[in-house]
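Under the UniProt record's numbering, the sequence shown has 115 at position 115, and the numbering climbs by one with no breaks.
A virtual CB, placed ideally from N, CA and C, is assigned to each residue, including glycine.
Note that the coordinates shown come from a computational prediction; the quantities given were computed from them, not determined experimentally.
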Amino acid sequence: MPNISFLQDECGLSVRQIVQLMKCSKLITHRPEVLKMKAEKADELGVARSSGAFVYALTIVTYLSQCKIDARLNNLRRLGLSQEEVALMISKAPLLLKTPEEVVGTRMKFLIKEHVIPGLHRAYADASSGNIVEIEWFKSI
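Shown next as structure tokens:
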């Protein structure tokens, strides 16, 4: 089982995470070189392999084309997010790329309007100190 060995040894996934991938992803049945390519694409999204979100990033790059991923990233930038803010959001919540653009836009506008996020730049400014602001609604999408 070279794919399972790769996911454990190179990606640092636990048996539980691999089982999770097997339940919802065709990724495990790909050729080993395709799996390695998908892991590299997940790395490019900025999701650390040691992160629990890496499983979700692998799922995203398996089901969405690079064109769709790029379009979703550009949409987030059009909402007023900087490159760094987009990278931080995706590294913490890669499933955001799977969420329809209208939903993301509506939620962002609501959060800004209701002052849940009074200033996006300020909200993530302390990320460099390790005190990353987490927003509950990302967990619901």
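Proximity of residue i and residue j at Cβ, strictly below 8 angstroms
| i | j | result |
| --- | --- | --- |
| glutamine 17 | valine 55 | yes |
| isoleucine 90 | leucine 81 | no |
| alanine 53 | proline 94 | yes |
| leucine 27 | lysine 38 | yes |
| valine 104 | leucine 76 | yes |
| leucine 73 | methionine 108 | no |
| isoleucine 11 | arginine 49 | Here the sequence assigns cysteine to residue 11, which means isoleucine is not the residue at that position. For cysteine 11 and arginine 49, yes; Cβs fall inside 8 angstroms. |
Status (buried if at least 16 other CB within 10 Å, exposed otherwise) for residue i
| i | result |
| --- | --- |
| threonine 62 | buried |
| methionine 1 | exposed |
| lysine 92 | buried |
| arginine 31 | exposed |
| valine 86 | buried |
| valine 34 | exposed |
| valine 15 | exposed |
| threonine 59 | buried |
| serine 5 | exposed |
As assigned by DSSP and simplified to three states, the class of residue i
| i | result |
| --- | --- |
| arginine 72 | helix |
| methionine 22 | helix |
| glycine 12 | coil |
| methionine 1 | coil |
Anticipated Cβ contact below 8 angstroms, residue i with residue j, distance rounded
| i | j | result |
| --- | --- | --- |
| alanine 42 | alanine 57 | 4 angstroms |
| query | Which residue spans inside the stretch 24–98 form an unbroken alpha helix (DSSP H) run of at least 4? | reply | 32–44, 54–63, 66–78, 83–92
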